[in-house]
Amino acid sequence: MKWLSDKTILVTGGTGSFGKKFVSKVLEYDVKKVIVFSRDELKQYEMAQEYTDPRIRFFIGDVRDKDRLYRAFDGVDIVVHAAALKHVGACEYNPFEAVKTNIYGAQNIIEAAIDRGVQRVIALSTDKAAAPINLYGATKLASDKLFVAGNSYVGNKETRFSVVRYGNVVGSRGSVVPFFKKLKENGATELPITDERMTRFWITLDQGVQFVIDNLQRMKGGEIFVPKIPSMKVIDLAEAIAPECSIKIVGIRPGEKLHEVMITEDDARHTLEYDSYYVIQPEFPWWREEYSNGGKPLPDGFSYVSNTNDHWLTVDELRKLVKE
Numbered sequence: 001m002k003w004l005s006d007k008t009i010l011v012t013g014g015t016g017s018f019g020k021k022f023v024s025k026v027l028e029y030d031v032k033k034v035i036v037f038s039r040d041e042l043k044q045y046e047m048a049q050e051y052t053d054p055r056i057r058f059f060i061g062d063v064r065d066k067d068r069l070y071r072a073f074d075g076v077d078i079v080v081h082a083a084a085l086k087h088v089g090a091c092e093y094n095p096f097e098a099v100k101t102n103i104y105g106a107q108n109i110i111e112a113a114i115d116r117g118v119q120r121v122i123a124l125s126t127d128k129a130a131a132p133i134n135l136y137g138a139t140k141l142a143s144d145k146l147f148v149a150g151n152s153y154v155g156n157k158e159t160r161f162s163v164v165r166y167g168n169v170v171g172s173r174g175s176v177v178p179f180f181k182k183l184k185e186n187g188a189t190e191l192p193i194t195d196e197r198m199t200r201f202w203i204t205l206d207q208g209v210q211f212v213i214d215n216l217q218r219m220k221g222g223e224i225f226v227p228k229i230p231s232m233k234v235i236d237l238a239e240a241i242a243p244e245c246s247i248k249i250v251g252i253r254p255g256e257k258l259h260e261v262m263i264t265e266d267d268a269r270h271t272l273e274y275d276s277y278y279v280i281q282p283e284f285p286w287w288r289e290e291y292s293n294g295g296k297p298l299p300d301g302f303s304y305v306s307n308t309n310d311h312w313l314t315v316d317e318l319r320k321l322v323k324e
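Per UniProt numbering, the sequence shown starts with residue 1, numbered consecutively.
Laid out in structure tokens, this is it:
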């Protein structure tokens, strides 16, 4: 990708599952520098032992600290905002902390990017931000709204903001996959399932990272990009990982949905469909019709929900993904 040549890229939350994979991917291109911004010195130390490319820089800081972001964004062309408090239960129990990181942190990113002349910013969202019922989803919905509206504040500057929203990532930290695997390795004879009807959207880490890179190139500013990805049944995932184990239904936890939504029926009215993704368009006067670039409007009543998806992963496909 020639457009990435000689660019300086910063990723917040850069020591997380997404951040590490994103860094390794963009280093395949002729980028000038990749800055890993995060608050955990141990994770940065461990990552520095694994990633020795001289183009990498490690920057300790917290998105809650605007002054630190101003320093970190000096000379940066592209920001990928992956830092967040993401654990549903932890956010329910520590709501003020989730607000500080996920909402105030988003505002700090926006203001620092505009003032420092960053060209493009993409923020990572989640399916839980669409019609949220838990605090994590609510803070990410607020974050999405902030990043979309941030385009209205840039004036005559070049900074543009967009959002990428996708579902559960196979094998990421906090995913049910390593949890089930650990139970199996420890000799468990049964796996806990919250509800046998539960479904989720599913995407691999590689697919998620590539989707972000692709949208960094195509973004105009203000879009929420949603990939077309398969759904899976959690009970099928349990069978794929540990077919010898029985299933124990433990009930839905606080803040948890049976099925996840990525595009609500209301959002679908201003969403365009492309071959492999959807674009939720911003409802602002500065958004121009030519930005649609061949997208197709969605039919009335459309919504993108994990249990009504037309693409499903089988047990065998899930087993292959988990193995990889």
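Cβ coordinates follow ideal geometry from the N, Cα and C atoms, glycine included.
In this structure, isoleucine 78 sits near isoleucine 9, with a CB-CB distance shorter than 8 Å.
Lysine 86 counts as buried, since at least 16 other C-beta atoms from the protein chains shown sit within 10 angstroms of its C-beta. Only residues of its own chain outside the window of five on either side were considered, and among them Tyr153, Val154, Lys157 and Thr159 have a CB closer than 7 Å to the CB of isoleucine 114, listed in chain order. Around the beta carbon of lysine 296, a 10 Å sphere encloses fewer than 16 other beta carbons of the protein chains shown; the residue is thus reported as exposed. Note on serine 246: under 16 other CB atoms within 10 angstroms of its CB, so exposed under the neighbour-count rule. In the DSSP assignment, no residue is bridged to methionine 47.
Separation of isoleucine 203 and glutamate 317 (C-alpha to C-alpha, rounded to the nearest whole angstrom) is 12 Å. In the DSSP assignment, arginine 120 falls within the unbroken beta strand (DSSP E) covering 120–124.
A residue is called buried when at least 16 other Cβ atoms come within 10 angstroms of its Cβ; glutamine 217 does not meet this threshold and is exposed. Lysine 248 and valine 305 have their C-alpha atoms some 25 Å from each other. Boundaries of the alpha helix (DSSP H) harbouring threonine 139: 135–150, taken from the DSSP string. Proline 227 is not a Cβ neighbour of histidine 311, given a cutoff of 8 Å. Taking C-beta atoms under 8 Å as the contact rule, threonine 139 and valine 99 qualify, at a distance of about 6 Å.
Here DSSP, grouped into helix, strand and coil, assigns asparagine 168 to strand.
Per DSSP, the beta-bridge partners of threonine 8 are Lys33. Relative to the Cα of aspartate 127, the nearest Cα in the group Gly105, Lys257, Thr314 and Tyr274 belongs to Lys257. When the five nearest sequence neighbours on each side are left out, the beta carbons in the same chain lying within less than 8 Å of the beta carbon of asparagine 108 are those of Val63, Arg64, Asp65, Lys66 and Leu69, in order along the chain.
Straight across, the Cα-Cα distance linking glutamate 28 with glycine 117 is about 25 Å.
For the 8 Å CB-CB criterion, leucine 313 and alanine 238 do not form a contact. In the DSSP assignment, valine 80 falls within the unbroken beta strand (DSSP E) covering 78–81. Within the same chain, Leu10, Thr12, Gly14, Phe59, Gly61 and Ala72 come within 6 Å of phenylalanine 37 by CB-CB distance, once the 5 residues on both sides are set aside.
Annotation: the continuous beta strand (DSSP E) that includes glutamate 273 extends over 271–273. Straight across, the Cα-Cα distance linking glycine 222 with lysine 145 is about 9 Å. Comparing C-alpha distances from aspartate 6 to each of Ser17, Lys33 and Gly16 shows the shortest one belongs to Lys33. In this structure, methionine 219 sits away from arginine 288, with a CB-CB distance that is not shorter than 8 Å. In terms of CA proximity to arginine 319, Ile241 leads the group Phe302, Ile241 and Asp53.
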